[in-house]
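Colleague: Supplied in structure tokens, the structure appears directly below.
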Amino acid sequence: MSVLDVQIPSAFDPFADANAEDACIGGKDYVHIRIQQRNGRKSLTTVQGLKKDFSYNKILKDLKKEFCCNGTVVQDPELGKVIQLQGDQRKNVCTFLIQVIAIAIAKCQSSPICLNLID
Numbered sequence: 001m002s003v004l005d006v007q008i009p010s011a012f013d014p015f016a017d018a019n020a021e022d023a024c025i026g027g028k029d030y031v032h033i034r035i036q037q038r039n040g041r042k043s044l045t046t047v048q049g050l051k052k053d054f055s056y057n058k059i060l061k062d063l064k065k066e067f068c069c070n071g072t073v074v075q076d077p078e079l080g081k082v083i084q085l086q087g088d089q090r091k092n093v094c095t096f097l098i099q100v101i102a103i104a105i106a107k108c109q110s111s112p113i114c115l116n117l118i119d
């Protein structure tokens with residue numbers, strides 16, 4: 001019996017380009033607002049992908065006050081800082097982020113809302 005030279009293909013990672021640091025240049029930054037079902041009717045809303053310039057604790061404080069819910073900021077090794085809120089707050093968080101943060105940054109950096117949210 002002869003020994004055949006079999007070439008085993010190397011591991012191919014289809015997401016290697018997306019994980020590379022160069023791929024972000026000119027790319028879009030997305031904020032992911034997701035819901036996680038806990039048990040029964042209980043749910044948890046997570047917000048990730050906010051810029052690091054923002055103060056997560058101040059944003060969380062405003063979200064909790066606006067929507068009358070509890071929440072926390074969790075440090076994840078892969079995802080970074082993630083805001084967690086009780087209940088299904090997807091639409092509320094989306095409108096809050098669009099109205100407050102985007103408008104404050106677009107107007108000017110010296111607005112009181114922007115100074116409240118950015119360190």
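Position one of the sequence shown corresponds to residue 1 (the UniProt record's numbering), numbered consecutively onward. Every residue gets a Cβ at the ideal spot worked out from N, C-alpha and C, and that includes glycine. Note that this is a predicted model, so its numbers are computed, not measured.
Looking at C-alpha atoms only, which residue of Gly40, Gln75, Lys42 and Leu44 is the closest neighbour of Asn57?
Modeller: Gln75
Colleague: For a test of the three-state rule: what should DSSP assign to Lys52, helix, strand or coil?
Modeller: coil
Colleague: With burial defined as no fewer than 16 other Cβ atoms inside 10 Å of the residue's Cβ, what is the status of Ile83: buried or exposed?
Modeller: buried
Colleague: Locate the beta strand (DSSP E) running through Lys91, then write down its first and last residues.
Modeller: Looking at the DSSP string, Lys91 is not in any beta strand (DSSP E); the run it does join, the alpha helix (DSSP H), is Arg90 to Phe96.
Colleague: Looking only at DSSP bridge pairs, what is Arg34 linked to?
Modeller: Thr46, per the DSSP bridge assignment.
Colleague: Around the C-beta of Gln36, are 16 or more other C-beta atoms found within 10 angstroms, so that it is buried, or is it exposed?
Modeller: exposed
Colleague: So for Ser111, helix, strand or coil by DSSP?
Modeller: Because Ser111 carries a pLDDT of 49, less than 50, the predicted location of this residue cannot be relied on, and the following value inherits that uncertainty. Residue state, collapsed to three classes: coil.
Colleague: Quick check: what's the CA-CA separation for Lys52 versus Val31?
Modeller: 12 Å
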